[in-house]
Every structure is written in C-alpha cells, then in structure tokens.
Amino acid sequence: MIDQQPVAEFQQVVKDYQQGLFGLDRLRAIDGVSLRIEAGETFALLGPNRAGKTTLVKLLLSLCQPTEGAILRFGMSSSDRSTLARVGYVHENQAFPRYLTARALLEFYGALGFLSEPTVQERAPRLLERVGLADRADESISCFSKGMIQRLGIAQALLNEPDLLVFDEPSEGLDLAGRQLVRDLVREQKDRGKSVLFVSHVLSEVELFCDRVGVIVGGKLAFVGPMRHLCTDPKTGARTSLEVAIRPYYEGAAAPLHTS
Amino acid sequence: MDAPAVIYALRWLINDTFRQTLASRVFWILLGLSVLAIVFCLGVSVEGGATRDEGEFWTRDGQPLQGPGSAGRLTLMFGLFQAPFSRDASEPVHLLLSIFASWIAGTLGLLMALVWTAGFLPDALQPGSASVLLAKPAPHWLILLGKYLGVICFVGLHATIFFVGTWLALGLKTDVWQGAYLLGIPILTLHFAVIFSASVLLAVLFRSATACVIGSVLFWLVSYAVNYGRDFALVYAELNPGAPPLPAFTSAFSELGYWLLPKPADFLIVFEQCLELGQVTTTLASQPPFSTVLRTEQFHPLASLASSALFPVVALWAASSHLASQDY
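Going down the list, the sequences are from chains A and B. With the numbering used here, letter number 243 in the first sequence gets 249, and the count goes up by one each step, no holes. With the numbering used here, letter number 42 in the second sequence gets 397, and the count goes up by one each step, no holes.
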C-alpha cells in the first residue's frame, strides 16, 4: 500500500557550504526551498548548472545536512536513516569498487540496504538480466564501460524495490538502449504507484513522463507546478515546448517564484 | 535494524575489504613475506648445546659447563652461516624469537600493514563511491566498523600465518617449542587495531590515502615517543643520580600523554615478557629506560593494554560522528 503522505518534503531549507581557509567563507547553495514530492508522482528538478539541484538531492538522501530548515522522508525526519531503505539512488558519476564483480556489487549494496540474504540472492540475477548485464554478472567491474557501470548503478538502486527512485542525470553515458531502459523503468515505477525524482538536462525525457516540475535557479525555486502549467503561455494559453518554457528561468528573466 | 541484517552487512563489509586486499595485491605481498620468514626458519638448525639440570649447565658428555666457551653451533640459511653459542639450544632460538617478535613482526610488519591498508577507507570515501554507499540505510558507524574489522581480520589472518608458520618451522628444525610465541597473534593484532583506528579517523577527516599513510606512521612514532618519554621521566632520578629532578609539569604531561595515547613499546614489552626470553639482550625490555621501569616494578601491563584498547573506541566514535556531520 502506498502512503498518502509526501515521500519527500523540504521545509524552508537553507544549505550553506563552508569555503576558503578554515571554512570561514560561506557559499549559499540552497536558499529557503520548500517543496513536496507526493506519493506516486514523477517529479522533475530542472535548472542550469550549479543551480543547487544535486545539493537538494544530497539533502534528501542525508548526504549533507541542512544549515536551516527541515527535510522529511516518508513523513519522518531525514536524520532517521531507516527511511533510506525505501529510496533508490542513481548517481550521475557512479564510482564502484573496481575489484568487485557485478553480482558481488549488488550483494554488497543489498547487505548495506539491510535486505536479507535470500532476498538479495533472488533479486540480483533478475536485476542484472533487467539492465542487460546477466552475461557479465561474474566479471570484474574494472572491465566495464561507463554505460555498463551506469546500468549496474540502476540495478543497485532497484534492489530494494524503492518507493522513491532518485535519478540524478541517469542517462549520463548511456546508449540509446540504456536511455530506453531508464524510460521504461520510470514508467514501471509510475505504474506501480511509486514516486520518481528526476534530475536531468535531457528535456525530452522530462517532458515525456514527468507530472510536476521544479525549476531551481541560484539555489531558489523559481517554479513549482504541473508540467502543463509550465508549458502553457499564461497570456495566450498557447502550448510551448519545455525548452522554450524554461528558458526565461535559466536567463533570469522570469519572476522569482511562480507556483501553481 | 535487526541483528541478522547487521551481521549480513558486517560480513559483506569484511568480505569487501578482503577482496580489496586481494585486488591491491597487499594480501599476496604479506603472504610472500611470511613465506620468506618461514623458509628462513626452515634453514635454521642447532647442533650440540648444553643440557640444563637444577640450574646447572652440562655438556653432552656429562661434564659441568665452565666459562663462556662454545657448547653448540647455530647454522642459518641452510648452513651458509654458522655461529657458536655457549649454553643450551634454546639460547639462540630465543634470540631468533625475540628478533621475530619485537622487530620483524612487532615493528616492521606492523608498519608495513599500516602503510598498505591505510588507503582502503579513503578509497571508499571518494565522492562517487561515498554518495551511493552513504545513501544506504546502514548507519555510518556500521560502515566504519565493518571496514575497520575487515582490515583487522586481514591483519589477524596474516599474523596467524606468520606466527604459526615461523613457530612450526623453528620448532621442527630445533626442537625448541616456545608456546608463548603464539601469543604474538592476539598481541600484534590488538596493537595494530589500536593504531589503525587513528588511520580510520584520519581517513574520515581528510579522505586522502597519503594523509592516512603519513598520519598513521607519524601517530605510531609519536605514541612510541610518548611511551618512551613517560618511562624515561618515571625513572629519571634512578638513571641520573644526583641530577636535579624533572619539572613537575613535564612528569604530569608525559603521564597524561601516556595514558591517553596507545603504548606501542608496552605492547612489545608485554609480548617479550610472555616469551620469557631470559638472557636475551636484544629485547626492548632489556633496554633503558624500559628495563629500569620493569626492575622497579612500575610497569602495569594490564592497565597499559586496557587503556590502549580504549583508544580505538574513542577514535571510531569520533570518526563516526564526523562522518555523519560531513557533507558528501
């Protein structure tokens, strides 16, 4: 059964990174972001480079701590790591221990995900088959191409059958079949009533399957709302492409925050 | 968190470390060095030697041994080198055991293991690896503990191979069986575990293999110096009769450092004491100021080992807290 509470909630979150000698300088990466990702929805996070998208993802995954505000996962504080068992994460530049085989890697991450040994043994071969690595299961990762490592990263993210799948630039290094795999996975996740947080610069993918979108610029949310609202000209009501719709936000020409 | 899940995760973290040692060839290098030491021991033999009866030494033909004359011969490297010894066969074997215990395994082996394993944790904490690793529900302390235990098990295994192998080889070749020599396995492993915990803390603080290697060796040297300095301060008056006493703060400072830090010299001395090496003069315990501390009964082995063993608890707790508060 899917919970009706949001799978992720950011409440007035601020994140400052310490910089410079002795960490005395501060760089504000996230500036007062409030955002909810509902159960069962596919949410896209867009924004130019260094806008704060990855920081927001890291905050959600407890990879860094907020300077101010609170983050909830499945209604619980992000300091409660047990809720991470319901999250799958695909990182844009995954670096796995090169001495492990593909099968051993899944078993390793399954163990750290607190899955039982029989569960991992049952799911690992199925997932390797799903991402097209079944015939390379017992090969060392050191022989894998970037695309294969990315596929393996997708498999490890699916190991716990997550209620929230976080894709941070998942198509990085993937060939056409790999990109199709990502699309199929998002669709399957959606069909099962589970949530996806999608961070990508590939707007065609975002346009294809995301329900709502958040545009973050300079650490602030510039837009949060359904995709159709973003892609509709408020004056004429004409439908535009996502690329055209988000350009004013990227160029700083749009209003600071527009929510619908 | 249920116990089977935690044990499964710990098992995999230890397994992962062993795979890392195999891939980095550290496993094979240490195994090769142990095999070399075992082959060296197989090349040792003793001929002749006195027998001991009621505290007196007797030659093989039943005459009491008089003076420091040669009672037997030790041969090394399958007969390549020979050296006379003056009493029973255990004398040269004890000398070899003391060298293996204090210098080969206790110092050189420990430092090599420290240098070669120091990079394991920083590797796992590099940005691409850490993001996926730390986004799993396993708590940070469990990840650190698992990697730490993996390295300790690895060193424990190699200590077992080294001590059992050299003990068996020397015993078979000389018929001198010094059972206490096998205590080197837990003592060396504990000694390593204490020092390696500082490496774990450095790995979390700097995420750099170089910082870990240099920092861990420096830490061992500083701990050794503090151990030596405190013992020196303790018996200063005895070693320097008539000299003005040390300032009170020097004694207090050295005492504080001694009890807070690991005690590398004490680990070696405890091991040497277990071996009951008798007349052997190449041991650390026979060198001042340690010999004076031992003679004046100011050495407390249990308190020393227990306080050293507390150090990893504090270091791992600090590392785990820092890891949880860091941005990745």
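Beta carbons are placed, not taken as given, at the ideal position from N, Cα and C, and that holds for glycine. Note that the structure is predicted; figures quoted are calculated from it, not measured.
- DSSP on Tyr95 (chain A), reduced to helix/strand/coil? strand
- Task: With DSSP as the reference, label Pro240 (chain A) as helix, strand or coil.
- Result: coil
- Message: My output table needs one value for Met356 (chain B): the three-state DSSP class, helix, strand or coil.
- Response: coil
- Item | Partners in chain B for Glu178 (chain A), counting only beta-carbon separations shorter than 8 Å | Within chain B, no residue comes near Glu178 (chain A); the closest Cβ sits about 12 Å away, beyond 8 Å.
- Message: What does the Cβ neighbour count give for Pro176 (chain A), buried or exposed, with the cut at 16 atoms within 10 Å?
- Response: buried
- Task: Counting only the same chain and skipping the five closest in sequence on each side, list residues whose C-beta sits under 7 Å from that of Ser40 (chain A).
- Result: Phe16, Gln17 and Gln18
- Task: Pull up the distance between the alpha-carbon of Thr565 (chain B) and that of Leu615 (chain B), whole angstroms please.
- Result: 25 Å
- Task: Check whether the segment 211 to 223 of chain A touches the segment 232 to 240 of chain A, taking contact to mean three or more Cβ pairs, one atom from each stretch, closer than 8 Å.
- Result: yes
- Task: Would you kindly report the start and end of the unbroken beta strand (DSSP E) that includes Pro439 (chain B)?
- Result: Phe436 to Phe440
- Task: Between the Cα of Asn370 (chain B) and those of A:Ser83, A:Glu98 and A:Leu106, spot the shortest distance and give me the residue it belongs to.
- Result: A:Leu106
- Message: Applying the 10 Å Cβ sphere with the 16-neighbour rule, what's the burial state of Leu589 (chain B)?
- Response: buried
- Query: Grouping DSSP H, G and I as helix and E and B as strand, with all else coil, what is Ser148 (chain A)?
  - Reply: helix
- Have a look at Pro168 (chain A) and Val93 (chain A) and give me their C-alpha separation to the nearest angstrom. 5 Å
- Message: Which residues does DSSP list as the beta-bridge partners of Gln681 (chain B)?
- Response: Beta-bridge pairing links Gln681 (chain B) to no other residue.
- List, in order along the chain, the chain B residues whose C-beta lies closer than 9 Å to that of Arg87 (chain A)? Lys491, Pro492, Ala493, Pro494 and His495
- Message: Comparing C-alpha positions only, which one of B:Leu365, B:Thr472 and B:Arg366 sits nearest to Leu377 (chain B)?
- Response: B:Thr472
- Message: Please identify the residue among A:Ser210, A:Ile252 and A:Lys241 whose C-alpha is closest to the C-alpha of Phe229 (chain A).
- Response: A:Ile252
- Item | Distance, Leu164 (chain A) Cα to Thr462 (chain B) Cα | 47 Å
- Message: Within a Cβ cutoff of 8 Å, which residues of the same chain sit near Gln25 (chain A), ignoring the five residues on either side of it in sequence?
- Response: Asp31, Arg32 and Leu33
- Message: Taking the straight line between their C-alpha atoms, what separation do you get for Ile342 (chain B) and Asp86 (chain A)?
- Response: The first residue shown for chain B is 356 and the last is 683, placing residue 342 (chain B) beyond what the model contains.
- Specify whether the segment 610 to 629 of chain B and the segment 542 to 560 of chain B touch according to this definition: at least 3 beta carbon pairs, one from each stretch, less than 8 Å apart. yes
- Within this structure, are the beta carbons of Thr73 (chain A) and Ala35 (chain A) separated by less than 7 Å? no
- Can you give the Cα-Cα distance for Thr242 (chain A) and Cys149 (chain A), rounded to whole angstroms? 54 Å
- Message: So that I know if they touch, is there some Cβ in chain A lying closer than 7 Å to that of Trp367 (chain B)?
- Response: yes
- Message: So with CB distances below 8 Å, who are the chain C contacts of Asp682 (chain B)?
- Response: The structure shown contains no chain C; the protein chains it does contain are A and B.
- Message: For Lys196 (chain A), which residues in the same chain have their Cβ closer than 8 Å to its Cβ, ignoring the five residues on either side in sequence?
- Response: Gly46, Thr48, Val202 and Phe215
- Give the single residue among B:Ser675, B:Ala558 and B:Gly434 whose Cα lies nearest to the Cα of Ser571 (chain B). B:Ala558
- So, does the CB of Glu55 (chain A) fall closer than 7 Å to a CB anywhere in chain B? The sequence given here places Asn at residue 55 (chain A); Glu does not occur at that position. Not one chain B Cβ lies under 7 Å of Asn55 (chain A).
- Express the C-alpha separation of Phe509 (chain B) and Glu126 (chain A) in angstroms, rounding to a whole number. Here the sequence assigns Val to residue 126 (chain A), which means Glu is not the residue at that position. Going by the C-alpha atoms only, they are around 26 Å apart.
- Sorted by chain position, which residues of the same chain lie with C-beta nearer than 7 Å to Ala640 (chain B)'s C-beta, five sequence neighbours on each side aside? Ile624, Glu627, Gln628, Ser646 and Leu649
- Query: Smallest Cα separation from Gly53 (chain A): which of A:Val250, A:Ile155, A:Gly224 and A:Lys152?
  - Reply: A:Gly224
- Starting from Arg585 (chain B), find everything on chain A with Cβ-Cβ shorter than 8 Å and list it in chain order. Here the premise fails: no neighbours, minimum Cβ distance about 33 Å.
- Message: Residues in the same chain with beta-carbon distance under 6 Å from Gly526 (chain B), minus the five sequence neighbours each way, listed in chain order, please.
- Response: Trp532
- Task: Please look up how many angstroms separate the CB atoms of Val13 (chain A) and Phe80 (chain A), rounded, as I've assumed it's under 8 Å.
- Result: 6 Å
- Item | chain A contact for Arg380 (chain B) (CB, 7 Å cutoff) | no
- Message: Less than 7 Å between C-beta atoms, sequence neighbours within five positions excluded: which residues of the same chain meet that for Asp586 (chain B)?
- Response: Pro644, Phe645 and Val648
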